[in-house]
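Reviewing the structure listed below.
Numbering (my numbering), first residue to last: 112 to 304.
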């Protein structure tokens, strides 16, 4: 039996509650938020001059950023997506086509072909289940992004969230680190912090 500390228990409760809410978001509202978030991600890319993006490939009710990824590919940006491995590790693979993906562990998708990327990242786009005004996030609890982000302090880290995912304060553990920015869909617009 795994014994959780109080912060881990709080995070688990937040995950369960907000994952349930996210699964119930009305389709039209989800599409509106997703489109706006993709639009603002692209504007951020252009404004900052980012060329290399590490991003998740959406699954389930996560924010659908495939249109953003597709636009990046059309404009010859380098897209890297993680292949989830045991032991809280990612194998970071180059994505060359949205059709060139395969199913991995935990139901995650990753680029096919095992083209491991050895360079650096300008932008890292992260999913999450909750965030707060201080730019901390609650992920899925596997610790994969905590491990990964510690290796890339210079990359611009942006989390994408629906409005109900912003909470008063994310419970924090010593290894948690804030993101640089949050994109939060709100009433058809975006809050960018």
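Here a beta-carbon is modelled for each residue, glycine too, at the ideal position from N, C-alpha and C.
Keep in mind it's a predicted model, so treat the numbers as computed, not measured.
Quiz item: What's the C-alpha gap between residue 159 and residue 205?
Solution: As a working note, residue 159 is residue 48 in the chain shown. As a working note, residue 205 is residue 94 in the chain shown. Whole-angstrom Cα-Cα distance: 21 angstroms.
Quiz item: In chain order, which continuous runs of the beta strand (DSSP E) of length 3 or greater are located wholly inside the segment 191-221?
Solution: 200-206, 212-214
Quiz item: Roughly how many whole angstroms lie between the Cα atoms of residue 186 and residue 201?
Solution: Within the chain shown, residue 186 is the residue found at index 75, counting from 1. Within the chain shown, residue 201 is the residue found at index 90, counting from 1. If you take the alpha carbons of residue 186 and residue 201, they lie about 26 angstroms apart.
Quiz prompt | Neighbourhood of residue 177 by C-beta distance below 7 angstroms, restricted to the same chain and skipping five residues each side | solution = By 1-based counting over the chain shown, the position of residue 177 is 66. Answer for residue 177: 169, 209, listed in chain order.
Quiz item: Rounded C-beta distance between residue 224 and residue 211? I'm assuming under 8 angstroms.
Solution: Counting from one through the chain shown, the residue named residue 224 turns up at place 113. Counting from one through the chain shown, the residue named residue 211 turns up at place 100. Going by Cβ atoms, the distance from residue 224 to residue 211 rounds to 7 angstroms, so yes, they are a contact pair.
Quiz prompt | Top-ranked residue by Cα proximity to residue 194, from 179, 292, 165, 174 | solution = Here residue 194 is taken as the residue at index 83 of the chain shown, counted from 1. Nearest C-alpha to residue 194: 165.
Quiz item: Which partner residues does residue 235 have in the DSSP bridge list?
Solution: Here residue 235 refers to the residue found at position 124 when the chain shown is read from its first residue. Residue 235 pairs with 165, 268.
Quiz item: Is it true that the segment 278-287 meets the segment 246-260, where meeting means three or more beta-carbon pairs spaced less than 8 angstroms apart?
Solution: yes
Practice problem: Decide if residue 259 is buried, meaning its Cβ has at least 16 other Cβ atoms within 10 Å, or exposed. | Solution: Here residue 259 is taken as the residue at index 148 of the chain shown, counted from 1. So residue 259 counts as buried.
Quiz item: Excluding the five sequence neighbours on either side, which residues of its own chain have a C-beta within less than 6 angstroms of the C-beta of residue 235, listed in chain order?
Solution: Counted from its first residue, the chain shown places residue 235 at position 124. So the qualifying residues of the chain are 165, 266, 268.
Quiz item: Buried or exposed: which applies to residue 227, given that a residue is buried once 16 or more other Cβ atoms fall within 10 Å of its Cβ?
Solution: Start at 1 with the first residue of the chain shown, and residue 227 comes out as number 116. It is exposed - the Cβ of residue 227 has fewer than 16 other Cβ atoms within 10 Å.
Quiz item: For residue 299, which residues of its own chain have a beta-carbon under 6 angstroms away from its beta-carbon, when the five flanking residues on both sides are left out?
Solution: Along the chain shown, read from residue 1 onward, the residue named residue 299 stands at position 188. The predicted position of residue 299 is uncertain, since its pLDDT is 47 and thus under 50; a value taken from the coordinates is nonetheless stated next. Around residue 299: 143.
Quiz item: Given a threshold of 16 other Cβ atoms within 10 Å of its Cβ, counted over all protein chains shown, does residue 197 qualify as buried or as exposed?
Solution: On the chain shown, residue 197 is found 86 positions in, with the first residue counted as 1. Taking a 10 Å sphere around the C-beta of residue 197, we find fewer than 16 other C-beta atoms and assign the residue as exposed.
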